[in-house]
Amino acid sequence: MWRLKTLNHKASASARDLEDFKRNRREFEKALRQARKDRQLVSKRLLQNVLEDEEEDADNEGSMETDSTPLLPEQVREMVRGVQSGGEEKAARLSSLRKALRNTENQLTFIKTENSMHMLVGQLSGHNAQCQLEASLCLYELSLSPHAVVCQACGPAGPYLLTYLSGQSTKLKEICLYTLGNMCPENNTVREKLLAQGIISVLANCLHNQRYNLAVVEALGFALSQLLQAKDAHEKIIPEVMASGIVPCVILAVSPELAFGLGPAIESAWCLHYLVSSNLDNLILIGQGALSQCCAVLITLGGAVAQGTLLPGVELLIWPLLRCLGNLLVSGGDVMAEDSRLLVALCVFCQVYLHRYPSLSRESLWVLNNLTARSSGFCSGLLLLNLVPLVIHFLSFSKGMSSMAMRVLGNIAHHGSEYCLRLAEAGLLSALCASLKMAEPELVTLSLEVLHIMLSCSPQMIIEFRKLNGVTLLEAIGYNSEREQRVRAAYILNHLFPSLSEVRIMDIFKAMYHYSSCFSF
Numbered sequence: 001m002w003r004l005k006t007l008n009h010k011a012s013a014s015a016r017d018l019e020d021f022k023r024n025r026r027e028f029e030k031a032l033r034q035a036r037k038d039r040q041l042v043s044k045r046l047l048q049n050v051l052e053d054e055e056e057d058a059d060n061e062g063s064m065e066t067d068s069t070p071l072l073p074e075q076v077r078e079m080v081r082g083v084q085s086g087g088e089e090k091a092a093r094l095s096s097l098r099k100a101l102r103n104t105e106n107q108l109t110f111i112k113t114e115n116s117m118h119m120l121v122g123q124l125s126g127h128n129a130q131c132q133l134e135a136s137l138c139l140y141e142l143s144l145s146p147h148a149v150v151c152q153a154c155g156p157a158g159p160y161l162l163t164y165l166s167g168q169s170t171k172l173k174e175i176c177l178y179t180l181g182n183m184c185p186e187n188n189t190v191r192e193k194l195l196a197q198g199i200i201s202v203l204a205n206c207l208h209n210q211r212y213n214l215a216v217v218e219a220l221g222f223a224l225s226q227l228l229q230a231k232d233a234h235e236k237i238i239p240e241v242m243a244s245g246i247v248p249c250v251i252l253a254v255s256p257e258l259a260f261g262l263g264p265a266i267e268s269a270w271c272l273h274y275l276v277s278s279n280l281d282n283l284i285l286i287g288q289g290a291l292s293q294c295c296a297v298l299i300t301l302g303g304a305v306a307q308g309t310l311l312p313g314v315e316l317l318i319w320p321l322l323r324c325l326g327n328l329l330v331s332g333g334d335v336m337a338e339d340s341r342l343l344v345a346l347c348v349f350c351q352v353y354l355h356r357y358p359s360l361s362r363e364s365l366w367v368l369n370n371l372t373a374r375s376s377g378f379c380s381g382l383l384l385l386n387l388v389p390l391v392i393h394f395l396s397f398s399k400g401m402s403s404m405a406m407r408v409l410g411n412i413a414h415h416g417s418e419y420c421l422r423l424a425e426a427g428l429l430s431a432l433c434a435s436l437k438m439a440e441p442e443l444v445t446l447s448l449e450v451l452h453i454m455l456s457c458s459p460q461m462i463i464e465f466r467k468l469n470g471v472t473l474l475e476a477i478g479y480n481s482e483r484e485q486r487v488r489a490a491y492i493l494n495h496l497f498p499s500l501s502e503v504r505i506m507d508i509f510k511a512m513y514h515y516s517s518c519f520s521f
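Residue numbers (this note's numbering): 1 to 521.
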């Protein structure tokens, strides 16, 4: 008997479809990463407060305004010499330098200035705590540069940035983590040096010791997620991360208690997503509680979404959690079928985000597909909770939602006559007739498969289908250019509608032969 298969984000029906999907996913995730940077990195609360405090001090002292203003090379050299000269004003001079380094032209000028990075690393490794903080902020500004050469110039500071992750200053730890995170993804040389210097073990120790410090956990999650996005992460980085002992702490940071902090949960969820997508040790991740934690958080978020009490940007947490759950289900994970709250949460996401984030609705339907493909309990849950009409509603939408919804309905129909009768009561037969008229080939093909299951379960179903003028629709598909659809339509007519005249059946076969000369009966 035909059975719907789960849809894995890492596989599809053809090489062309796979490449298209990968390209679209890369573009989509690039936009999400940029959104996360805009919302949670550049405008980090702690860093923003530091900048605001120092700008206020500079205004009070009448210091030169250098923020975002291009400087001449001589002006940059003078700022470097001013720091090197020492004295009580050294920290203030570093603050002025940091403001100047917000400008990309000044960043390039700075790294070309003789002994500039040597001076900065010297201040970072010195004993003056205020100068250390100022130097780390200067490196943070440099790490934000769009120029790879600027990021690479920060390489010598790597060992000190790692060392301070085991220090006492929370501010310094957070700044170092964001700087390291910015340095990792785009520059292979810098990343290789940091890996050789033990960045993964340092991050693991830091998270173990700072798991209750929300700001540090969020910054660390960002740094780790940047590492996990590297092109060579699958071969070099993820195995080391899995062996480091950091994963259980990452899973716990994806907390169902929103009071724990949305930022740490978002960053940790993206880390978990990159680990799960590698498909290296998903059974280990399931054993460590990744699947149950994702379910718990999604259920909590579903209730908050339904009540309209969620914080802005929570979709950045829902996305990776859905992907984690869907792929963990494909890897063999099981969810307690009794917990129907997960079904409700997924349907809430489908409905609430339909117009604002249609791709999130599609992700929710994908997880529903993976849940129902293996569990009669979840199929029964959709029927008992009267959620099937909502799934049927998605058959009229494009962007892949209609096909995914049809897969969910097919999973339910596969469980037998009783399930099919309940689907018919929910209006699926009339919805199938509407789907057979659609221009989307995948949807029509899936509709024919589900229709065959439905009509095979009961003679009464065939009578109802006739009343809906369904036979005419099947005959019309006999003239369709899609060979697979013609075959399926003819099969249904030949086996389930024997009362049709032999002439009409032959007419359909002739039409099929006309469009596919290589087809034989």
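Beta carbons are placed, not taken as given, at the ideal position from N, Cα and C, and that holds for glycine.
Predicted model, so just to flag it, every value in this text is computed and none were measured.
Limits of the unbroken alpha helix (DSSP H) element including Pro146: Pro146: not part of any alpha helix (DSSP H); DSSP gives it neither H nor E.
message: Beta-carbon within less than 7 Å of Arg39's beta-carbon, same chain only, minus the 5 sequence neighbours each way: which residues are those?
response: Here Arg39 scores only 42 on pLDDT, less than 50, and its place in the model is too uncertain to base an answer on.
query: Considering only residues of the same chain and omitting the five flanking positions on each side of Val149, which have a CB-CB separation below 8 Å?
result: These residues qualify, in order along the chain: Leu108 and Ile111.
- prompt: Which same chain residues, not among the five before or five after Ser201, have their C-beta less than 7 Å away from its C-beta?
  reply: Ser244
message: Counting beta carbon pairs with one atom in the region 391-401 and one in the region 415-422, are three or more of them shorter than 8 Å?
response: no
query: Between the C-alpha atoms of Val348 and Ile318, what's the straight-line distance to the nearest angstrom?
result: One C-alpha to the other measures close to 12 Å.
message: If you reduce the DSSP assignment to three classes, tell me which class His208 lands in.
response: helix
- request: Determine the contact status of Val450 and Met406, defining contact as a CB-CB distance below 9 Å.
  value: The Cβ atoms of Val450 and Met406 sit closer than 9 Å to each other.
task: Using alpha carbons as the reference points, say which of Ile199, Leu390, Val487 and Thr104 lies closest to Leu365.
output: Leu390
Spatial neighbours of Val121 in its chain, beta-carbon cut-off 6 Å, leaving aside the 5 residues before and after: Pro156 and Ala157
message: So, with DSSP's three-state summary, where would you put Val42?
response: The pLDDT assigned to Val42 is 33, lower than 50, so where the model puts this residue is not dependable; a value taken from the coordinates is nonetheless given after this. Coil.
Ser95 and Leu144 closer than 9 Å at C-beta: no
- prompt: Looking at Gly410 and Ile453, is the spacing between their C-beta atoms short of 9 Å?
  reply: Ile453 is a Cβ neighbour of Gly410, given a cutoff of 9 Å.
- prompt: Nearest CA to the CA of Glu440: which residue from Gly400, Arg466 and Val408?
  reply: Out of Gly400, Arg466 and Val408, Gly400 has the C-alpha closest to the C-alpha of Glu440.
- prompt: Among residues of its own chain, excluding the 5 on either side of Val217, which ones have a beta-carbon nearer than 6 Å to its beta-carbon?
  reply: Cβ neighbours of Val217 beyond the five flanking positions: Ala253 and Pro264.
- prompt: Roughly how many angstroms separate the alpha carbons of Gly289 and Tyr178, rounded to a whole number?
  reply: Rounded to the nearest angstrom, the two C-alpha atoms are 27 Å apart.
- prompt: Do you know offhand how far Ser278's Cα is from Phe378's?
  reply: C-alpha separation (whole angstroms): 27 Å.
task: Leaving out five residues on either side along the sequence, give the residues of the same chain with a beta carbon under 7 Å from the beta carbon of Ser225.
output: Glu267, Trp270, Cys271 and Tyr274
- prompt: Roughly how many whole angstroms lie between the Cα atoms of Gly181 and Val408?
  reply: 39 Å
field: Any 3 or more C-beta pairs closer than 8 Å across the region 350-369 and the region 331-341
entry: no
message: Give me the residue from Cys154, Glu88, Ala153 and Lys99 with the minimum Cα distance to Gln130.
response: Glu88
field: Nearest residue (CA-CA) to Tyr160, options Gln210, Thr300 and Cys176
entry: Of the listed residues, the one whose Cα sits closest to Tyr160 is Cys176.
task: State buried or exposed for Ile463, treating a residue as buried only when at least 16 other CB atoms are found within 10 Å of its CB.
output: exposed
task: Measure the CB-CB distance between Leu228 and Val241 and report whether it falls below 9 Å.
output: yes
message: If I measure Cβ to Cβ from Pro320 and keep anything under 6 Å in the same chain, skipping five residues before and after, which residues do I get?
response: Ala269, Trp270 and His273
query: Should Gly287 and Val250 be called a contact, given that it needs their Cβ atoms to be closer than 9 Å?
result: no
task: Could you work out which residue in Ser380, Leu385 and Ala434 is closest to Val471 when comparing CA atoms only?
output: Ala434
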